[in-house]
Structures are given as C-alpha cells and as structure tokens.
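The working numbering puts the sequence shown at residues 431 to 772. Using N, Cα and C, we set each Cβ at its ideal position, and we do this for glycine too. Predicted model, so just to flag it, every value in this text is computed and none were measured. The structure appears right after this line, and notes come after that.
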Amino acid sequence: MVKPFVPQLVYVEPRAMEYPLAKELIGKFEKMDIEIRETTSHNQIRNLPGENHFQKYRTAKSTLVLGIRKTLKFDTSKPSAEYAIPFATGCMGHCHYCYLQTTMGSKPYIRSYVNVDEIFDAAEEYMQERAPEFTRFEASCTSDIVGIDHLTHTLKRAIEYFGKSEHGKLRFVTKFAHVDHLLDAEHKGRTRFRFSVNDDYIIKYFEPGTSRLKERIEAAVKIAEAGYPLGFIVAPIYLHEGWKEGYKEMFERLEAALPAKATKDLTFELIQHRFTKPAKRVIQENYPMTKLELDESKRKWKWGRYGIGKYVYQNEEQEDIKDTLGGYINHYFPDAKIEYFT
Ligand code: SF4
C-alpha cells in the first residue's frame, strides 16, 4: 500500500512566503523535521542530493517546491475540458510511461502554487467570457493533484470554489487513493472525480509509487458515496499477453464494488498507449530496466502536436481495443458514457 506522500526535501521560492498557504505548510514541515531550503527560483534547483542522474531523479520526485504561478493564462485542454487550471506540476509516482517525463522532463520535482486565489480569479474571467455556457477546468494536466492534496488542500478549495461558481465545472484524474479529506467538500455535483485505472499486470510492472487497483477502487467507492459524479480513465491501454482477461477482471471488480447510484452517471475515457521518440529516450534513461514495449516497428506512426510524431497501435489493434473494452463497458455498465477513445 502506498502511503500518503511526504516530501524528503522542501524548497521555498522567495515571494511564496507572502501567501498564507506557504506559511502554513512550512510550519507543518518544520514540525515534521523535513529539511527546508530557500531558492531564488525553482529553475535554480541544481544541487539535489544524489550521486548520479538516476538518484537525483528519484530525489527530485520526492522534493516539493512551494512557488507562485506567474502566468495566469491557462492552456486549453481538449478533449476533456476547455482549460487546464494550474495548481501544481510534477508527481511523486513512478509510472514508466508518464506523460510528465516529456513535458516536465528537466523539472521532475513537485511544485505547488500557493497563490491559489489569484488562480481562482483568472478562472473567473474565463468563466465570464463563456457564460452562460459552462466552462470546464481540468486540474490534472501537469501533475497528479490528488497525490499532494492531503498536504495542501488546494484541490479541496477548488472543488468548493467551483461548487459555488455559477458557470464552472472541475475535473481531474488520479492514480492515488488518498481521498478522505475530500469526502466532505461541498462539491455540489460540479466536480467529476476520475480515477485512472488499469489491469493488475500493468499497474504492477509500470506504475510503481501509485495506489494499487484495489485501493483506487475502494477510493472510487468512497467518492461515489460522497455524491461526486464519477469517471474512469483507462489509460494507457497497453497490449500485453492476457490483456483481454486482465481488463475483463478489472471491469468485473469495478462493477462488483461500485454502488448502483454511481453507475447512472458514469463516464469512461479510453486512451491507448503511445510514445514519442524523445519520450522513449527519457523512459530508458529514468527506468532502464523497464519491460515496457517501445518498438517503433510494431506501431503505427501518427502525426502529433508540435510536429513530434507518436507511435500508437496498428489500426486492427485499435479496433480490437475499442471492441473489447467498449464491449466490457456496455456489458458491465450499460448506462455509462464512453467519452472518447484516442
Ligand atoms: Fe505520471 Fe500520473 Fe503516474 Fe504521477 S501518477 S507518475 S502523473 S502517470
């Protein structure tokens, strides 16, 4: 069982201490005897403990930086929301195929923004621009926000903020089961709480440092009982020997555990495994022993963002994934909605 994250080392950026959240967290970390360092900017963090890249990478993943979000222009976040809302970057998990390895490659530490009210103010402007349409904000584009929230409670505040808003909705996804502090948040049905799930084989071999499927399902049950709209992202869908059985068992376990009320308004998002050439290099550097299959010749090349091609499954394999997983979802959760397969 993965314990709730506790940083090994904490950095504070100078202006962060002007915000009450930073003061509160520093007080908490001092009591916990965690080493605290000042830094002029997170870009200056170079002397992390560790003898080599491998060790430094691991130290970085358990380092927390308290900083300020300066850019209050939000990125778009298709297909699941209109905007990405930035509360944090980085993650303590060690999923071999993590998308952050390419997007945040040089900054693997976790950075939490303490100017939360300013971020909410920016969100308010985006909502006003689109009103009376709803605006959906995705909070997990650059981190697994739930994984650090037992410390910061920023996500909890955001859930309540959007609960009160007139035209806002929040969504995020997590591979962590530490959700207890979020159960009494006044979400008002405006937050879709999604869990990233996969079969046992995949979680065991490729997702070290995250909650196991059993724990994620237990957390999803609590979230459903707390009345949140619930969703699952099956990602990355990865073809391994026995994948059809593995995914079948996963859906069976979900169906057996979830209360009936959760299955009426349930969403699934399906994302096949993909990699780019730069990602492959980073994965092999950070996880040299990985069993992850990254053979370009077995995949189909697909045009990707920023002109970097990605390797996805062949067309027939994609059809097989859609038919198999779509079939399981229709069978076990006939009222659920499959939002997309990509
Ligand atoms: Fe990356 Fe999510 Fe795994 Fe964290 S839990 S390492 S964000 S894939």
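Span of the alpha helix (DSSP H), counted from its first residue to its last, around I768:
Note, I768: premise wrong, no alpha helix (DSSP H); beta strand (DSSP E) at K767 to F771.
Apart from the five residues on each side of it in sequence, which residues of its chain come closer than 6 Å, Cβ to Cβ, to F681? Y758 and Y762
Could you tell me the distance, in whole angstroms, from the CA atom of L660 to the CA atom of L613? The alpha-carbon separation between L660 and L613 amounts to approximately 13 Å.
Review point. Can you check whether the CB of L439 is closer than 8 Å to the CB of T493?
Key: Their beta carbons are under 8 Å apart, which means T493 touches L439 by this criterion.
(request) Return the CA-CA distance between K691 and Y441, expressed in angstroms with no decimal places. (result) 43 Å
request  = Work out the CA separation of Q744 and D551 for me, nearest whole Å.
outcome  = 44 Å
**Report entry** Three-state secondary structure (DSSP) of I464
**Finding:** coil
Query raised in the report: For A650, does the count of other Cβ atoms within 10 angstroms reach 16, so buried, or fall short, so exposed?
Result: buried
**Asked** Under a Cβ-count criterion, where at least 16 other Cβ atoms within 10 Å of its own Cβ denotes burial, should P516 be classed as buried or exposed?
**Response** buried
Task: Nonlocal neighbours in the same chain, by C-beta distance under 6 Å from Q531, ignoring five residues either side - done: V712
### Query
On the three-state DSSP scale, how would you describe K721?
coil
Cβ of T640 within 8 Å of Cβ of G523?
yes
Considering T604, what are the terminal residues of the beta strand (DSSP E) in which it resides? In this chain, the beta strand (DSSP E) harbouring T604 covers G598 to T604.
#### Entry: Burial state of M431 (16 or more Cβ within 10 Å)
exposed
request  = Give the range of the alpha helix (DSSP H) segment to which F435 is assigned.
outcome  = Note, F435: premise wrong, no alpha helix (DSSP H); not H, not E.
Next item on the list: Just list the alpha helix (DSSP H) runs in the segment 498 to 550, keeping only unbroken ones of 4 residues or longer that don't cross its boundaries, in chain order.
Entry: 530 to 533
Checklist entry - Comparing the CB of E699 with every heavy atom of the ligand SF4, is any distance shorter than 7 Å? => result no
message: Suppose the cutoff is 8 Å on Cβ atoms and the five residues either side in sequence are ignored; what does the same chain contact list for K732 look like?
response: R704, G739, K740, Y741 and V742
- Task: Examine the Cβ distances between the segment 634 to 648 and the segment 615 to 623 and report whether three or more of them are shorter than 8 Å.
- Result: No, they do not touch.
Y743 (DSSP reduced to helix, strand or coil): coil
Item to complete: Using the DSSP secondary-structure output, state which residues sit across from Q702 in a beta bridge.
Response: I667
### Message
Out of H608, V627, R735 and R587, which one is the CA nearest neighbour of I578?
### Response
With respect to the C-alpha of I578, the residue from H608, V627, R735 and R587 having the closest C-alpha is H608.
- Span of the beta strand (DSSP E) holding R625? Going by the sequence as given, residue 625 is Phe instead of Arg. It spans T621 to V627 - the beta strand (DSSP E) in which F625 sits, taken as one unbroken run.
Quiz prompt | Closest residue to M447 among T469, G676, F698 and L600 (Cα-Cα distance) | solution = T469
Report task. Taking all protein chains shown into account, decide if N473 is buried (16 or more other Cβ within 10 angstroms of its Cβ) or exposed. Result -> exposed
Worksheet item: Any heavy atom of the ligand SF4 closer than 7 Å to the CB of T640?
Response: Within the cutoff, so yes.
message = Pop quiz: I663 and S626 are said to be a contact at Cβ under 8 Å. What is the actual Cβ separation, rounded to whole angstroms?
response = 5 Å
- request: Look at the Cβ atom of I540, then the Cβ atom of C521, and state whether they are nearer than 8 Å.
  value: Going by C-beta atoms, I540 is nearer than 8 Å to C521.
- Got a sec: does the ligand SF4 put a non-hydrogen atom nearer than 7 Å to the Cβ of E637? yes
- From which residue to which residue does the beta strand (DSSP E) around F567 run? T565 to E568
(message) Closer than 7 Å to a non-hydrogen atom of the ligand SF4 - does that hold for the CB of D765?
(response) no
- Rounded to whole angstroms, what's the CA-CA distance from T720 to I632? Just pull it up for me. 12 Å
task = Could you work out which residue in P666, Y717 and Y736 is closest to T772 when comparing CA atoms only?
result = P666
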